[in-house]
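One rule links them: number in my numbering = place in the sequence shown (from 1) + 3.
C-beta: ideal position from N, C-alpha, C; glycine also.
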Amino acid sequence: MGSWDKKRKQFRSNKTGKVMDSLNLGKTVLKYEVIIGVGGIGSGSFFRLDGNHTLGREESRSGYFLDKNDYCKLHIIAHYVKALLGNKLRIIPVGKVGNDDAGKKLIEEMNEVDIETGYVEIDKSKHTLFSFCFLYPDHSGGNMTTNDSACSSVDEEHILKSEKEFMKYSGKGIALAAPEVSLNARLCLLNLATKYNFFRVASFTSGEMNKVFKERIIEKVDLLCINLDEAAAILDMDFNYNISEIVKLSIDKLTVINPKLIITITGGKEGSWIWNGSELSYLPVEKVEVISTAGAGDAFTSGMIAGIASGLSIKDSHQLANLTGGGSVTSPHTINKELNRVTLLEISKTSNTKFSNNVLKLLEK
4 MGSWDKKRKQ
14 FRSNKTGKVM
24 DSLNLGKTVL
34 KYEVIIGVGG
44 IGSGSFFRLD
54 GNHTLGREES
64 RSGYFLDKND
74 YCKLHIIAHY
84 VKALLGNKLR
94 IIPVGKVGND
104 DAGKKLIEEM
114 NEVDIETGYV
124 EIDKSKHTLF
134 SFCFLYPDHS
144 GGNMTTNDSA
154 CSSVDEEHIL
164 KSEKEFMKYS
174 GKGIALAAPE
184 VSLNARLCLL
194 NLATKYNFFR
204 VASFTSGEMN
214 KVFKERIIEK
224 VDLLCINLDE
234 AAAILDMDFN
244 YNISEIVKLS
254 IDKLTVINPK
264 LIITITGGKE
274 GSWIWNGSEL
284 SYLPVEKVEV
294 ISTAGAGDAF
304 TSGMIAGIAS
314 GLSIKDSHQL
324 ANLTGGGSVT
334 SPHTINKELN
344 RVTLLEISKT
354 SNTKFSNNVL
364 KLLEK
């Protein structure tokens, strides 16, 4: 774990000695001591095509790589929680990378910020999860993601290796189940979290939502973080349907199965909504210069986790999550390594949101 620089009142990485300007937690004792998470660990690249016409099946097309680094969900969420909370919380990702340069680099990057990688195995028979995103000049495009990567071999047996950590922190931890590994692996983690009384955070893809609903997996979740497309998938609705109806009806449907469920729904430029168990609240997006929105939803999830771990109310955690999502889009990369307390404070100064005193205390030095 990192150490606390008493003079500068900042978190210092034991690995690199670098200072990370995390939230001003002072002597706050967090509600939780650890996050144990499963999800995608991988990388990707972005390629800008020349010309807006659709790429043909047998066509060769010129273009160029963009200076954008892509990361996968578990790594993104873990990084931002560490940036916000520093050494106050252990972060233990459970996953796999390939025996390749990309995998070794990802492990090194996690270690640099004191994310513990003891349960990130190197699969010698597979490569690290990789996504290749192609973009047209008009900003439309698509991506291709490997389906036989090391992440595809994350199974229940691998998840169960972390049970001793759940046992050690029984009643004092947060479990995170994020996409890009199998649903069975995530369900195994949620079962361990239920057994050991962890606070359970999960997200699911649009294609998984029907199964999650029908198999009542949502009963094993305390905080569900989804986007509008995923909310629409719960209802078998078109995403272009009335947004307020999608939000309201999806919450109604989910809370029939789990009345205590906390739900966040992000809508890109439309803002975000949160159901705290009794009340629906909304926040518009922060006023920032948007460079790339990739990874913003995961950053939002990180802010929710950090807020809840810090003892903030669900509404106040929403404010912190909205700031974190806003800070993430000011970078071309899906992990904005410049995001910290200072950058969030600057965003808050031009925000239309009236921040609570509890949130402002975390941002001020």
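Burial state of residue i, where buried means 16 or more other Cβ atoms lie within 10 Å
i	result
Ser63	exposed
His56	exposed
Thr353	exposed
Glu168	buried
Asn343	buried
Lys85	buried
Val215	buried
Thr213	For the record, residue 213 in the displayed sequence is Asn; it is not Thr. Exposed: under 16 other Cβ atoms inside 10 Å.
Asp239	exposed
Arg219	exposed
Val250	buried
Pro182	buried
Asn355	exposed
Leu326	buried
Tyr244	exposed
Arg60	exposed
Cα-Cα separation, residue i to residue j
i	j	result
Ala380	Phe303	Here the chain has residues from 4 to 368 only, and residue 380 is not among them.
Met147	Leu138	12 Å
Tyr83	Gly42	15 Å
Glu349	Val184	36 Å
Ser134	Val97	20 Å
Lys30	His142	46 Å
Phe358	Gln322	7 Å
Ser247	Lys340	34 Å
Phe68	Phe49	6 Å
Met170	Ile94	15 Å
Ile338	Gly106	16 Å
Ile268	Lys256	14 Å
Lys91	Asn27	11 Å
Cys191	Gly54	46 Å
Ala324	Ile39	20 Å
Gly298	Val332	8 Å
Met307	Ile317	8 Å
Glu115	Ala153	22 Å
Ile44	His78	6 Å
Leu195	Lys34	19 Å
Asp70	Ile260	44 Å
Lys108	Thr120	12 Å
Thr131	Leu186	19 Å
Arg11	Asn72	Bear in mind that the predicted position of Arg11 carries a pLDDT of just 46, short of 50, making it too unreliable to give a figure here.
Local conformation of residue i per DSSP, three classes
i	result
Val37	strand
Phe135	strand
Met240	coil
Asn114	helix
Phe68	strand
Lys129	coil
Arg11	Only weak support is given to the placement of Arg11: the predicted model assigns it a pLDDT of 46, under 50, and the question is left unresolved by the model.
Ile44	coil
Asn200	coil
Ser275	strand
Gly176	strand
Asp371	Absent from the structure is residue 371, since the part of the chain shown begins at 4 and ends at 368.
Arg51	strand
Ser320	helix
Phe358	coil
Ser351	helix
Val293	coil
Gly89	helix
Ile80	helix
Asn339	coil
His142	coil
8 Å contact criterion, which residue i and residue j should meet: CB distance rounded
i	j	result
Ser351	Leu366	6 Å
Ile266	Leu227	5 Å
Ala188	Asp158	6 Å
Ala178	Phe207	The pair is not a contact, with the Cβ atoms about 15 Å apart (cut-off 8 Å).
Lys129	Ser156	6 Å
Gly329	Ser320	With 8 Å as the limit, Gly329 and Ser320 do not qualify as a contact, their Cβ atoms being about 15 Å apart.
His161	Lys99	7 Å
Ser253	Asp232	Contact flag wrong, Cβ pair sits at about 11 Å.
Ile118	Asn102	Wrong, their Cβ atoms sit about 20 Å apart, outside the cutoff.
Ile110	Ser305	With a Cβ gap of about 20 Å, Ile110 and Ser305 do not count as contacting.
Ser295	Leu286	Contact doesn't hold; Cβ gap of about 21 Å is too wide.
Leu193	Lys223	4 Å
For residue i, the residue or residues it bridges with in DSSP
i	result
Leu227	Ala205 and Ile266
Thr148	Ser134
Pro96	Gly40
Glu124	Lys99
Asp73	Gly47
Leu286	Ser275
Cβ of residue i within 8 Å of any chain D Cβ
i	result
Val345	Note that chain D does not occur in the displayed structure, where there is just one protein chain.
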